[in-house]
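*Asks:* Just so you know, the first sequence maps onto residues -15 to 552 in my numbering. C-beta atoms are modelled at their ideal positions from N, C-alpha and C, and glycine is treated no differently. Remember, it's a predicted structure, so these values are computed and weren't measured experimentally.
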Amino acid sequence: MRRILITSALPYINGVKHLGNLVGSMLPADVYARFQRSLGHDTLFVCATDEHGTPAELAALEAGQEVATYCAEQHEIQKRLGEGFGFSWDWFGRSSSEENRTLTQEFARALWRNGYLEVRTTRQVYSHADKRFLPDRYVIGTCPHCGYERARGDQCENCTRVLDPTDLISPRSALSGSAEIEIRDSAHLFLRQSAFVSRLREWIDTHALDWSPLVLSIARKWLDEGLQDRGITRDLQWGVPVPEDIAEGKLSGKVFYVWFDAPIEYIGATHEWANASSNRRWKDWWFGAAAQDVRYVQFMGKDNVPFHTVGFPVTIMGSEQPWKLADQIKGFNWLNYYGGKFSTSAKRGVFMDAALEILPADYWRYYLMANAPEGADSNFTWEHFASVVNKDLADVLGNFVNRILKFTHARFDGRVPDEGVYGADEHAVAEELSVRVNQYTNYLEAMEFRKATAELRAIWVAGNEYLTKAAPWTHIKHDRARAAAAVRMGLNLVHIFAHYAWPFIPNAARIIHNAIQPSPEVIPWPDGDMGQALNQLEPGLKVTVPEVLFSKIGDEQIEAWKARFGGE
RNA sequence: GGCAGCGUAGCUCAGUGGUAGAGCAGGGGAAUCAUAAUCCCUUGGUCGGGGGUUCAAAUCCCUCCGCUGCUACCA
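(1) Mapping DSSP to helix, strand and coil, what is Lys81?
(2) Taking its Cβ as the centre, do 16 or more other Cβ atoms sit within 10 Å of Arg183, making it buried, or is it exposed?
(3) With the cut-off set at 8 Å, would you say Ser79 and Thr33 are in Cβ contact?
(4) Please list the terminal residues of the continuous alpha helix (DSSP H) segment that includes Pro155.
(5) Hey, could you find the ends of the beta strand (DSSP E) Gly302 is sitting in?
(6) Go through its chain and collect everything with a Cβ distance to Ala246's Cβ below 6 Å, but skip five positions before and after it.
(7) Pull up the CB-CB distance for Pro344 and Leu319, whole angstroms please, since I reckon it's below 8 Å.
(8) Can you tell me which of the three DSSP states Asp138 falls into?
(9) Pull up the distance between the alpha-carbon of Glu552 and that of Val7, whole angstroms please.
(10) If we require 4 or more residues per run, which alpha helix (DSSP H) segments fall completely within the region 252 to 326?
(11) Starting from Val109, trace the beta strand (DSSP E) both ways and give me its first and last residue.
(12) For Ile(-3), which of helix, strand or coil comes out of DSSP?
(13) Comparing alpha-carbon positions, which option in Ser160, Asp511 and Val385 lies nearest Glu46?
(14) How long is the line joining the alpha carbons of Thr217 and Gln89, rounded to whole angstroms?
(15) Report yes or no: do the region 280 to 299 and the region 116 to 124 share at least 3 C-beta pairs separated by less than 8 Å?
(16) By a C-beta neighbour count over all protein chains shown, 10 Å radius and 16 as the cutoff for buried, is Glu41 buried or exposed?
(17) Taking C-beta to C-beta, are Ala499 and Pro530 nearer than 8 Å?
(18) I think His25 touches Arg85, with their Cβ atoms under 8 Å apart; what is that distance to the nearest whole Å?
(19) Mark Val532 as exposed unless 16 or more other C-beta atoms lie within 10 angstroms of its C-beta, in which case mark it buried.
(20) Classify Glu166 as buried or exposed, calling it buried when 16 or more other Cβ atoms lie within 10 Å of its own Cβ.
(21) If you compare alpha carbons, which of Asp138, Asp346, Cys55 and Val30 is closest to Val0?
(22) In the DSSP output, which residue or residues are listed as bridge partners for Phe174?
(23) Short of 7 Å in beta carbon distance, which residues of its chain neighbour Asp74, apart from the five on each side in sequence? Order them along the chain.
(24) Three or more C-beta pairs under 8 Å: does that hold for the region 170 to 186 against the region 93 to 101?
(25) Could you give the DSSP three-state label for Glu164: helix, strand or coil?
(26) With respect to the alpha helix (DSSP H) encompassing Gly8, which residues constitute its N-terminal and C-terminal limits?
(27) Tell me the DSSP secondary structure of Ala192 in three-state form.
(28) Comparing C-alpha positions only, which one of Pro306, Tyr241, Phe283 and Ala17 sits nearest to Ala273?
(29) Following the continuous beta strand (DSSP E) through Asn363, name the residue where it begins and the one where it ends.
(30) So, at 6 Å on beta carbons, what are the nonlocal neighbours of Tyr250 in its own chain, with the 5 sequence-adjacent residues on each side left out?
(31) Measuring only the C-alpha atoms, how far is Leu417 from Asp409?
(32) First and last residue of the beta strand (DSSP E) that includes Leu28?
(33) Measuring only the C-alpha atoms, how far is Leu198 from Asn(-2)?
(34) Does DSSP put Trp486 in a helix, a strand or coil?
(35) Name the DSSP bridge partner or partners of Leu(-11)?
(36) What are the boundary residues of the alpha helix (DSSP H) that includes Val419?
The following block contains the structure:
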């Protein structure tokens, strides 16, 4: 049995995620995890909330809560929404967990021992009014190059020049607006990424043929431009504390930077998963010989690619311990909303909670994966969404299921008929489907989700074509046996459609499956022989007609949602 | 500014050297089991502009135009 380890980029704790966040990480990871389980492989799919850092502290402040309380609440919200979308996590952890704290500190100790961490003194902006150090972007002032008055300390939005907060003229806090700030020297740990350029390049080159151009080009760009050492600690309260035994306690009271501990939480979440039950061995998925046969696949948006091709691998390589590196990194572009970005502050676009409020998860899952931003950024519009949902889900799939089941009830007492034998039409559809299913399986294996959904749709279309050709409603008038064979085939088609659709639309797939017969927890992938797969239902089996599977989206709804969600 | 990606039918996209494709939308027809759902046929593109390499270019090279993203302390 193959073993597959799947992680998706960790959603940041700060607020509900939008559809663009979903489609690039958690959703494709879930589809892939379901597919691998369906094939019968030993699959572990973990995710977590990424909880540390300044934005979390500030969001808690704004909510008037302790940051730990805030994170605990937000974690529950994100967990519930993820479950609402049908994410089949084996574990949804927290980067603030005990397990991750221990692991993060252990990684840091190993890096320190191996000489890959060094202490450097940096100049940090401290705000008296806010009683805290400010990250560069939270310092604003006048740009020394162009005179723009609201330049951020990391970069001037007006002239796009990269800045240092100490460059700014009349700097002030972006939080309080206070100019009572000072530059303080502060010691920080730097990860010597520069020492790993050749090892990283070697690793990346071994994947020159199996990683996408998007991922490879981002990874190589960072190496080509000269990898800089990176500060991995911050002057904050909320985070994994730097242990006292590193650098003789010089970093006492500081925490690790969120981008250091967040990817380690992939391992941490696995540890949490194991701690939640006996007989689970977390290290067998990650470490040494026991994890040798594990294939590790990561899903993420393109913004996260550098951290997974450079930052996290350096942490692992620098530990000089046999932790697992990713075998496959699947990166996605952005999903836009009417040509612009999804925006929390502008209330523009659709967020997970609102999405589930207006339509069931499967509608979103199917549409988003069918239009996943794989090759380029893609675009969400309500018009397109409605046309895809109405045509593919309601008309092509939903109506197919409905028409054959209703006919079975009208003419065959709601049972799988036992009369008649399969003829040329039945053999033809079995043959077509064996080709298409093979393609579909290959696309999923290759994580080409747009092509996979197009093929899945073509499989449903083949069912409609067959039924039109076999026309049991015509034959029933003079040749009941022939009509019976067609109905039997139709029901078998419904049955396997439920199986193949399960990774994308798990809820609808289960309803369809249950209309024929009770479904197992994991709906298995029918194996190769299509002739057999399409002749497996026992004659006499009672089938039921489910409620309408997918209702159509009307023009009034499109207009209402455009108004509500800020589409033009 | 640098780097990367994109520009193919009205729309969303596939196609990376060998006679331009799919889905949707549009037009015509068949069928009447079904959520007026399905099936068949079909209209439609000088593949962003220009130049070059080649027997052959959407595909390779150069150049121009347009759009988007990234640019290291927002994640």
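*Replies:* A quick look at the data gives this:
(1) Residue numbering aside, residue 81 sits at position 97 when the first sequence is read from its first letter. The residue asked about is misnamed: residue 81 is Ser in this sequence, not Lys. If DSSP states are grouped into helix, strand and coil, Ser81 belongs with coil.
(2) Translated into the one-based positions of the first sequence, residue 183 becomes position 199. Exposed, because fewer than 16 other Cβ atoms sit within 10 Å of the Cβ of Arg183.
(3) Stepping through the first sequence from its first residue, residue 79 is reached at position 95. Stepping through the first sequence from its first residue, residue 33 is reached at position 49. Note that the C-beta distance between Ser79 and Thr33 is below 8 Å.
(4) Along the first sequence, one-based indexing puts residue 155 at 171. Careful: Pro155 lies outside any alpha helix (DSSP H), inside the beta strand (DSSP E) at Ile153 to Ser157.
(5) As a working note, residue 302 is residue 318 in the first sequence. Bounds of any beta strand (DSSP E) do not take in Gly302; it lies within the alpha helix (DSSP H) bounded by Phe296 to Ser303.
(6) Counting from one through the first sequence, the residue named residue 246 turns up at place 262. Leu(-6), Asp34 and Ser79.
(7) What you label residue 344 is simply residue 360 of the first sequence in a count that begins at 1. What you label residue 319 is simply residue 335 of the first sequence in a count that begins at 1. About 20 Å; that fails the 8 Å criterion.
(8) Translated into positions along the first sequence, residue 138 becomes position 154. Coil at Asp138, not helix or strand.
(9) As a position in the first sequence, residue 552 is number 568, starting the count at 1. As a position in the first sequence, residue 7 is number 23, starting the count at 1. Its pLDDT being 42, under 50, Glu552 is placed unreliably by the model, and the measurement read from it follows with that caveat. CA-CA distance, Glu552 to Val7, rounds to 22 Å.
(10) As far as the region 252 to 326 is concerned, its whole alpha helix (DSSP H) runs of at least 4 residues are 296 to 303.
(11) Reading the first sequence from its first residue, position 125 is the one you call residue 109. That run of the beta strand (DSSP E) goes Leu101 to Ser111.
(12) The residue given as residue -3 occupies position 13 in the first sequence. In the structure shown, Ile(-3) sits in coil (DSSP, three-state: anything other than H, G, I, E or B).
(13) Your numbering for residue 46 matches position 62 in the first sequence. Taking the Cα of Glu46 as reference, the smallest distance to any Cα among Ser160, Asp511 and Val385 is reached at Ser160.
(14) Indexing the first sequence from 1 puts residue 217 at position 233. Indexing the first sequence from 1 puts residue 89 at position 105. About 12 Å.
(15) In short, these stretches do not touch, since the Cβ pair count stays below three.
(16) Within the first sequence, numbered from 1, the residue matching residue 41 stands at position 57. By the neighbour-count criterion, in which a residue is buried when 16 or more other Cβ atoms sit within 10 angstroms of its Cβ, Glu41 is buried.
(17) Position 515 of the first sequence, counting from 1, holds the residue named residue 499. Position 546 of the first sequence, counting from 1, holds the residue named residue 530. With a cutoff of 8 Å on beta-carbon distance, Ala499 and Pro530 are scored as near each other.
(18) For the purposes of this step, residue 25 is taken as residue 41 along the first sequence, with counting starting at 1. For the purposes of this step, residue 85 is taken as residue 101 along the first sequence, with counting starting at 1. In this structure His25 does not touch Arg85 by the C-beta definition: roughly 32 Å separates them, more than the 8 Å allowed.
(19) Mapped onto the first sequence, residue 532 falls at position 548. Answer is exposed; the Cβ neighbour count stays below 16.
(20) The residue labelled residue 166 in the question sits at position 182 within the first sequence. Glu166 counts as exposed, since fewer than 16 other C-beta atoms from the protein chains shown sit within 10 angstroms of its C-beta.
(21) In the first sequence, residue 0 corresponds to position 16, counting from 1. Ranking the options by Cα distance to Val0, first place goes to Cys55.
(22) Against the first sequence, residue 174 aligns to sequence position 190. In DSSP, Phe174 forms a bridge with Glu102 and Gly215.
(23) Numbered from its first residue, the first sequence carries residue 74 at position 90. Excluding sequence positions up to five before and after Asp74, its CB lies within less than 7 Å of the CB of Leu28, Phe29, Val30 and Trp257, all in the same chain and listed in chain order.
(24) At 8 Å Cβ cutoff, the stretches touch.
(25) On the first sequence, residue 164 is found 180 positions in, with the first residue counted as 1. Assigned with DSSP and collapsed to three states, Glu164 falls in coil, not helix or strand.
(26) Locating residue 8 in the first sequence gives position 24, where the first residue counts as 1. Where Gly8 is concerned, the enclosing alpha helix (DSSP H) stretches over Leu3 to Gly8.
(27) For the purposes of this step, residue 192 is identified with residue 208 of the first sequence, where counting begins at 1. Residue state, collapsed to three classes: coil.
(28) To locate residue 273, count along the first sequence from 1; it is residue 289. If you compare the alpha carbons of Pro306, Tyr241, Phe283 and Ala17 with that of Ala273, the shortest gap goes to Pro306.
(29) Position 379 of the first sequence, counted from the first residue, corresponds to residue 363. Where Asn363 is concerned, the enclosing beta strand (DSSP E) starts and stops at Ser362 to Phe364.
(30) In the first sequence, residue 250 corresponds to position 266, counting from 1. Thr(-9), listed in sequence order.
(31) Here residue 417 refers to the residue found at position 433 of the first sequence. Here residue 409 refers to the residue found at position 425 of the first sequence. As the crow flies, the alpha-carbon of Leu417 is around 12 Å from that of Asp409.
(32) As a position in the first sequence, residue 28 is number 44, starting the count at 1. Per DSSP, Leu28 belongs to the beta strand (DSSP E) from Asp26 to Thr33.
(33) As a first step, residue 198 is located in the first sequence; it is residue number 214 there, counting from the start. As a first step, residue -2 is located in the first sequence; it is residue number 14 there, counting from the start. Answer to the nearest angstrom: the Cα atoms are 27 Å apart.
(34) On the first sequence, residue 486 is found 502 positions in, with the first residue counted as 1. In the structure shown, Trp486 sits in coil (DSSP, three-state: anything other than H, G, I, E or B).
(35) On the first sequence, residue -11 is found 5 positions in, with the first residue counted as 1. In the DSSP output, where bridge partners are listed per residue, Leu(-11) has Leu28 and Tyr280.
(36) Taking the first sequence and counting its residues from 1, the one referred to as residue 419 is at position 435. Looking at the DSSP string, the run of the alpha helix (DSSP H) that includes Val419 is Ala408 to Glu429.
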